[in-house]
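Student: In this note's numbering, the protein residues as written are 1284 to 1481.
Just so it is clear, CB atoms sit at the ideal spot from N, CA and C, and this is done for glycine as well.
Note that this is a predicted model, so its numbers are computed, not measured.
#1: Verify whether the separation of the beta carbon atoms of residue 1337 and residue 1313 is less than 9 angstroms.
#2: Can you grab the Cα-Cα spacing for the pair residue 1384 / residue 1415, in whole Å?
#3: Would you check whether the ligand FMN has a heavy atom nearer than 8 angstroms to the C-beta of residue 1393?
#4: So for residue 1393, helix, strand or coil by DSSP?
#5: Short of 7 angstroms in beta carbon distance, which residues of its chain neighbour residue 1359, apart from the five on each side in sequence? Order them along the chain.
#6: Use the C-beta contact count for residue 1362: other C-beta atoms within 10 angstroms, 16 or more gives buried, fewer gives exposed.
#7: Nearest CA to the CA of residue 1391: which residue from 1370, 1353 and 1322?
#8: How would you call residue 1294, buried or exposed, if buried means at least 16 neighbouring beta carbons within 10 angstroms?
#9: Under 9 angstroms between the Cβ atoms of residue 1301 and residue 1351?
#10: Secondary structure at residue 1360, three-state DSSP: helix, strand or coil?
#11: Can you tell me the Cβ-Cβ gap for residue 1330 and residue 1322, rounded? I've got them flagged as a contact below 8 angstroms.
#12: Considering residue 1381, what are the terminal residues of the beta strand (DSSP E) in which it resides?
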């Protein structure tokens, strides 16, 4: 299919042969020979119209991406036609492409190539996360210390939960065999005079 307007031209068709890179002047160009349309002549024979689509930019990206039989859509400013050799009746058409679009089957082939490059599940992938003893921002917060009253502290001292009652010293006993009176301050009483004269 060929569409010509005052704004530009569009060529859509299949590649008649493998794309090739040629050097025109001092620059390399990727040439796609597009079979744009086929029609019957007056004698009933099919005649095809071929357009050489010239891609001057993106050679590295496009090289090897297209093959014979691929459907493409190219657009540019105008389709130029020349007769060669002059007077031979053979006309050649070319379009300097501003853009190139692949057909749907070409896109599917490219997608399949990407899928084929993905490694299968036979190779064990490294773990995404590893355990660590270090603190992380995702650890639960540490419990807050709870303030206890002196009464509950005294009760815990009086009856420790892990000590049997038989091992708890009495209120008058500091250590086994010692009484609290041994450590209590003594009152200052005057010493009898009889004790002083002795």
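Tutor: Based on what the coordinates show:
#1: Along the chain shown, one-based indexing puts residue 1337 at 54. Along the chain shown, one-based indexing puts residue 1313 at 30. Taking 9 angstroms as the Cβ cut-off, residue 1337 and residue 1313 qualify as a contacting pair.
#2: Residue mapping note: residue 1384 aligns to position 101 of the chain shown, counting from 1. Residue mapping note: residue 1415 aligns to position 132 of the chain shown, counting from 1. When rounded, the distance between both Cα atoms is 51 angstroms.
#3: Absent from the structure shown: the ligand FMN. Ligands present: none.
#4: Numbered from 1 along the chain shown, position 110 holds the residue referred to as residue 1393. In the structure shown, residue 1393 sits in a helix (DSSP, three-state: H, G or I).
#5: In the chain shown, residue 1359 corresponds to position 76, counting from 1. So the list reads 1291, 1292, 1378, 1379, 1380 and 1381, once near-sequence residues are dropped.
#6: In the chain shown, the residue the question calls residue 1362 occupies position 79. It counts as buried.
#7: Numbered from 1 along the chain shown, position 108 holds the residue referred to as residue 1391. Nearest C-alpha to residue 1391 among 1370, 1353 and 1322: 1353.
#8: Locating residue 1294 in the chain shown gives position 11, where the first residue counts as 1. Its Cβ being crowded by 16 or more others within 10 Å, residue 1294 is buried.
#9: Taking the chain shown and counting its residues from 1, the one referred to as residue 1301 is at position 18. Taking the chain shown and counting its residues from 1, the one referred to as residue 1351 is at position 68. Between residue 1301 and residue 1351, the C-beta spacing is below 9 angstroms.
#10: Indexing the chain shown from 1 puts residue 1360 at position 77. In the three-state DSSP reduction, residue 1360 falls in the strand class (E or B).
#11: For the purposes of this step, residue 1330 is identified with residue 47 of the chain shown, where counting begins at 1. For the purposes of this step, residue 1322 is identified with residue 39 of the chain shown, where counting begins at 1. With 8 angstroms as the limit, residue 1330 and residue 1322 qualify as a contact, their Cβ atoms being about 6 angstroms apart.
#12: For the purposes of this step, residue 1381 is identified with residue 98 of the chain shown, where counting begins at 1. Taken as a continuous stretch (DSSP letters only), the beta strand (DSSP E) holding residue 1381 covers 1374–1385.
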